[in-house]
Structure formats: structure tokens, C-alpha cells
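Residue numbers (this note's numbering): 13 to 553.
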């Protein structure tokens with residue numbers, strides 16, 4: 013255990029007007045976690061005491077160990093990844109452990125929390141494991157889903173949920189458990205402004221009702237600073253660099269927090285970093301001209317139909333219309349932003365615009381010159397035709413992992429499949445190394461991709477969408493999980509792709525990223541309407 017540095021200051025503000033005794037006390041002493049294969053620990057000598065019913069916001073730069081700290085509190089850090097764990101974590105003086113019914117953990121990626129085919133069974137899973145009487149389970153499910161504003165029936169397929177909806181269903185599963193400690197890892201990262209506000213209200217109400225101890229990890233502090241008692245900040249070295257009452261910490265350590273990459277409320281917004289166009293220049297062989305229309309979508313409809321077969325909950329679920337009569341064009345040298353509430357159809361639209369998904373009705377056609385012999389309908393392109401022309405960042409960044417050997421190998425796979433020279437002396441390898449460097453991933457190049465943090469993994473997905481030189485790039489929430497510094501780099505790459513002549517389209521709730529777009533389109537229940545580009549086009553962050 014590392015004892016060469018002083019313990020972080022312990023701050024235990026009063027928690028008046030809470031229900032004492034219902035929440036649990038947490039005590040962390042000398043917590044150090046070093047994953048297998050890493051020389052430096054992710055968490056280094058963490059000391060932290062949390063009073064019963066206290067509400068804490070944990071912040072820090074991307075990759076600082078925030079999610080790891082939550083997993084340690086839940087007793088699962090060494091069950092997910094191999095490594096060396098020292099120090100102690102206790103809840104009411106008892107060591108924390110996996111499956112501890114006192115603790116509810118919402119993980120960063122809601123897909124990782126999905127355990128059942130319907131939302132009712134998904135929320136019921138934890139209750140059944142705790143032995144809650146069946147007569148109590150259904151009322152708890154209904155109340156939890158209502159609290160997070162999920163209006164589908166319990167038989168609705170979890171596979172048909174948007175990323176934001178899946179995030180809210182996962183939170184409903186935590187609320188239904190009524191744990192004494194609620195741990196939330198970026199619970200509003202994929203939500204629009206109204207949905208994020210509703211989720212915060214639901215979290216506060218659940219904590220109030222149970223008197224639970226609440227610990228939230230977030231990059232963006234706005235919204236949470238008004239509902240927590242205390243701010244704890246992790247530095248890049250895995251140690252606590254700030255710990256105190258929220259307002260005092262923000263006022264007294266503003267400069268230090270901005271340097272650490274925090275989104276401090278009221279601070280000037282960061283600007284997209286100016287980056288070399290060469291990082292995003294289309295690869296020779298698939299050239300386009302500025303102003304050339306690459307993709308035309310006409311009267312596009314997408315209908316999700318519930319899976320047929322055995323139903324545990326026998327309730328008919330209607331078809332869900334994800335897109336309804338959408339018309340849109342994507343143009344070389346222009347960037348389009350897709351806005352809308354969670355579940356409005358943004359990710360579905362990205363899927364059909366890139367040829368990854370097939371529309372139920374209407375057409376998505378490629379420009380003949382751009383297609384260069386490929387079928388006119390994008391969904392008929394094979395993987396090689398898509399890879400040569402299209403770059404894609406999915407909402408679930410881990411879907412882009414194409415190698416389990418290393419981060420760098422993930423980026424080599426597409427250029428290699430396209431027949432590019434991927435030797436160390438080749439242009440593809442040089443471009444990959446330069447992209448890793450600007451994204452702050454050069455030191456992680458030899459690391460296993462699943463050892464990356466959520467923010468690092470999303471930056472890897474952004475790199476993977478660009479390094480092979482596509483002419484159309486689609487980003488689904490590219491800035492989720494980024495601190496101020498890494499946001500500037502990701503936004504810079506999005507902007508550089510447009511400047512380099514690519515057609516760019518991004519689904520986002522990020523006002524700052526939307527401000528970089530030439531065209532803004534707003535989706536409401538699958539229908540599209542244009543909006544003026546620039547800041548203030550609606551959404552959050």
C-alpha cells in the first residue's frame with residue numbers, strides 16, 4: 013500500500029432533512045488498483061469517508077479512474093478485470109462485496125446492464141435475485157419505469173430501445189431495488205436536456221424516499237451541483253485533488269479544476285482544436301468534390317416490430333415507427349447535426365444513411381459517381397464497398413473493436429482489409445499513430461482495448477472512423493464521456509473532416525458540437541424538420 017503521500021482531506025458536511033439511518037456509511041482507506049499489465053495504478057491511495065445519506069458528485073478528467081472507483085465501491089472492480097487491489101472499502105463497517113444488496117450500481121454503458129429481452133423482465137431481475145415477494149415486484153416495476161419517464165409497456169423489447177431509453181431503463185432497475193447506496197456512472201450522458209432533468213429528479217426522489225447515500229460520476233457538473241452536498245475530484249494520477257462542499261470547491265479551485273478538464277459551470281466554453289486536415293483527408297481512389305451530394309434519403313420509413321414467439325408477459329406490443337417519411341441529403345464539405353429527444357430516431361437515421369441498416373420504406377440512394385459501380389441503394393453495398401467510403405462511430409463505442417490484441421491493432425484492421433500498406437513505414441500506419449497522439453491515446457496504443465475507460469473507448473471509435481480516409485463520416489454522440497480537453501480534440505476532428513471535404517453527419521445532444529454544423533435537423537417521433545445551425549438549437553451541454 014502506498015503511504016508516501018498524505019491522505020486526501022476528508023469532508024463530512026451535515027445532511028440535514030435527510031432520513032438518518034437509511035443510507036449507509038462508506039469508508040475507503042488506501043485504495044489502490046493496478047490493472048494487469050499496467051505499471052501505474054489507476055487509483056492510487058484513495059482515502060474517502062461518506063456519511064449515511066450524503067450526496068457526492070465525483071468528477072475528473074477522462075481516464076482518471078472515476079468508473080473504477082464506483083466499481084470498487086460496489087465490490088466488483090477485481091471481478092471485471094484482473095489486477096492488484098490493495099486497501100479497504102467498507103459499508104457500515106462491513107467489507108463491500110459483489111452482489112451486495114445494499115448497493116445499486118448503474119454502469120456507464122447501459123447495454124452492459126441489459127439482462128432480459130423485455131423492459132419489465134429487465135427491471136424485475138434484481139428484485140427477483142433479492143427475493144422480493146412477487147406481489148411487490150410488479151408495483152415496483154411500474155413505479156420505477158414511471159419515475160424515469162419510460163412509457164412503453166413492460167413487454168416492450170429492450171433491443172428496440174435507444175441508447176438514452178436504455179440508460180433510463182437501467183436506472184429504473186436501480187430505483188426499484190431501493191438500495192441504501194446508489195452509485196451512478198454518468199446517468200445522463202446520452203440524454204437530451206428534458207430527459208436529463210427528469211432523471212436527476214427521479215434520482216433525487218429515490219434517494220430522498222430511502223434516505224440513501226448517493227454517489228454520482230459525471231463529466232458535466234451543471235444540473236448536479238444543485239442537488240449534491242460535496243464535490244470530489246480525481247486527478248490524472250489517480251489521486252484526489254479536490255474534496256469539499258460543492259460551491260466552495262468550485263469558487264476556490266476554479267483554475268485547478270479547469271486545468272484538470274472539468275466542465276465547471278459558468279466557465280467559458282472550450283473551442284474545437286485546430287488540427288491538420290491530413291488526419292481526415294479522404295484516401296486517394298475515392299475522391300469527391302465540394303458540394304457533391306453523396307447520399308439522398310427520400311420518404312424513409314423504419315418500423316420496429318416486436319419479436320414474435322413465447323411471451324413471458326402476455327401483452328400485445330404495437331409496432332414502433334422509428335422514422336416516418338424522412339427526406340435528407342448529405343453533401344461533401346458540409347456537416348449536419350441530428351437533434352431530438354431520446355428515442356426520436358437519430359441513431360436509426362444514422363444507420364440507414366450509412367447503409368448499415370435497411371429502411372422499411374422509401375429509398376436511401378448513393379450518388380452514382382461516388383458509388384463508382386456499387387449499387388445505388390446503400391443497404392445493398394457489401395462490407396468492402398462501405399468500408400472504402402464510410403466511417404461510423406456507433407453509440408456503443410465497443411462495437412468498433414476489431415482486435416483484442418491492442419488499441420493500435422484495432423485501427424490497423426480496416427486499412428489492412430482495404431489492402432493498404434500497414435507496415436510501420438506506410439502512410440496508413442503514420443496516420444494512425446498521429447491520430448492516436450492527438451486523441452491522447454498514444455500511451456495506450458499497446459493496451460488491450462477493453463482496458464480503456466468509457467471516454468477513451470469513444471475516442472478510439474472516433475479514430476477508427478477516420479484513419480482509413482472515408483468520404484462520409486457518421487458520428488453517434490461522439491463527445492459523450494469527454495472532459496473539456498478531450499472534447500476539444502474530438503470536436504476538432506469532426507470539424508477537420510468537414511474541412512477536408514468529407515460529408516459529416518452527427519447525432520448529438522451537445523450544443524457546442526451542434527454549433528459547428530452547417531445544417532441542423534430536429535427529429536420528433538421519427539419526423540424531421542430543419543432548424544438553423546449554431547448554438548442554442550436545443551438539447552443539453
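All C-beta atoms in this analysis are idealised placements derived from N, C-alpha and C, irrespective of residue type, glycine included.
Using the beta-carbon count (16 or more within 10 Å), is residue i buried or exposed?
i	result
residue 462	exposed
residue 536	exposed
residue 174	buried
residue 113	exposed
residue 347	buried
residue 411	exposed
residue 177	buried
residue 288	exposed
residue 284	buried
residue 125	buried
residue 51	exposed
residue 443	buried
residue 286	exposed
residue 30	Reliability of the predicted coordinates at residue 30 is poor, the pLDDT of 44 falling under 50, and the value obtained from them is presented with this limitation in mind. Classification of residue 30: buried, given that the 10 Å Cβ count is 16 or more.
residue 302	exposed
residue 63	buried
Given residue i, which residues of its chain have a CB within under 8 Å of its CB, disregarding the five upstream and five downstream residues?
i	result
residue 331	315, 316, 317, 318
residue 431	none
residue 237	69, 243, 258, 259, 262, 277
residue 438	432
residue 129	169, 170, 171, 319
residue 240	67, 68, 69, 226, 228, 258
residue 268	253, 254
What does DSSP give as the partner residue(s) for residue i in the beta ladder?
i	result
residue 197	229
residue 347	516
residue 389	377
residue 482	Paired residue(s): none; residue 482 is not in a bridge.
residue 490	DSSP output for residue 490 lists no bridge partner at all.
residue 404	486
residue 534	351, 541
residue 310	375
residue 38	62, 103
Thinking C-beta only, is residue j closer than 7 Å to residue i?
i	j	result
residue 538	residue 396	no
residue 349	residue 529	yes
residue 95	residue 48	yes
residue 184	residue 142	no
residue 419	residue 370	no
residue 509	residue 485	yes
residue 106	residue 37	no
residue 207	residue 354	yes
residue 204	residue 533	no
residue 154	residue 187	no
residue 306	residue 362	no
residue 273	residue 428	no
residue 222	residue 190	yes
residue 356	residue 405	no
residue 182	residue 82	no
residue 424	residue 434	yes
residue 87	residue 108	yes
residue 309	residue 376	yes
residue 235	residue 212	yes
Could you pull out every residue in the same chain whose Cβ sits closer than 7 Å to the Cβ of residue i, ignoring the five residues on either side in sequence?
i	result
residue 493	74, 198, 201, 231, 466, 467, 470
residue 80	45, 54, 55, 89
residue 447	291, 475, 478, 479
residue 488	359, 362, 405, 406, 407, 519
Among the residues of its own chain, which have a CB less than 6 Å from the CB of residue i, if the five just before and after it don't count?
i	result
residue 210	161
residue 254	245, 261, 265
residue 298	400, 401, 483
residue 70	78, 229, 244
residue 39	61, 102
residue 227	68, 195
residue 72	78, 245, 246
residue 512	289, 292, 293
residue 311	337, 374
residue 214	159, 160
residue 192	35, 36, 114, 224
residue 360	314, 334, 335
residue 295	481
Closest Cβ-Cβ distance between residue i and chain C: below 7 Å?
i	result
residue 449	The structure shown contains no chain C; it is built from a single protein chain.
Residue i and residue j look like a contact to me (Cβ under 8 Å); what is the Cβ gap, rounded to whole Å?
i	j	result
residue 478	residue 453	Going by Cβ atoms, the distance from residue 478 to residue 453 rounds to 13 Å, so no, they are not a contact pair.
residue 98	residue 110	Not confirmed; about 18 Å, so no contact.
residue 390	residue 381	Actually they are not in contact, since the Cβ atoms of residue 390 and residue 381 sit about 15 Å apart, beyond 8 Å.
residue 352	residue 358	5 Å
residue 121	residue 127	The Cβ separation is near 14 Å, so there is no contact.
residue 407	residue 344	Residue 407 to residue 344, Cβ: 25 Å. No contact.
residue 516	residue 365	With a Cβ gap of about 11 Å, residue 516 and residue 365 do not count as contacting.
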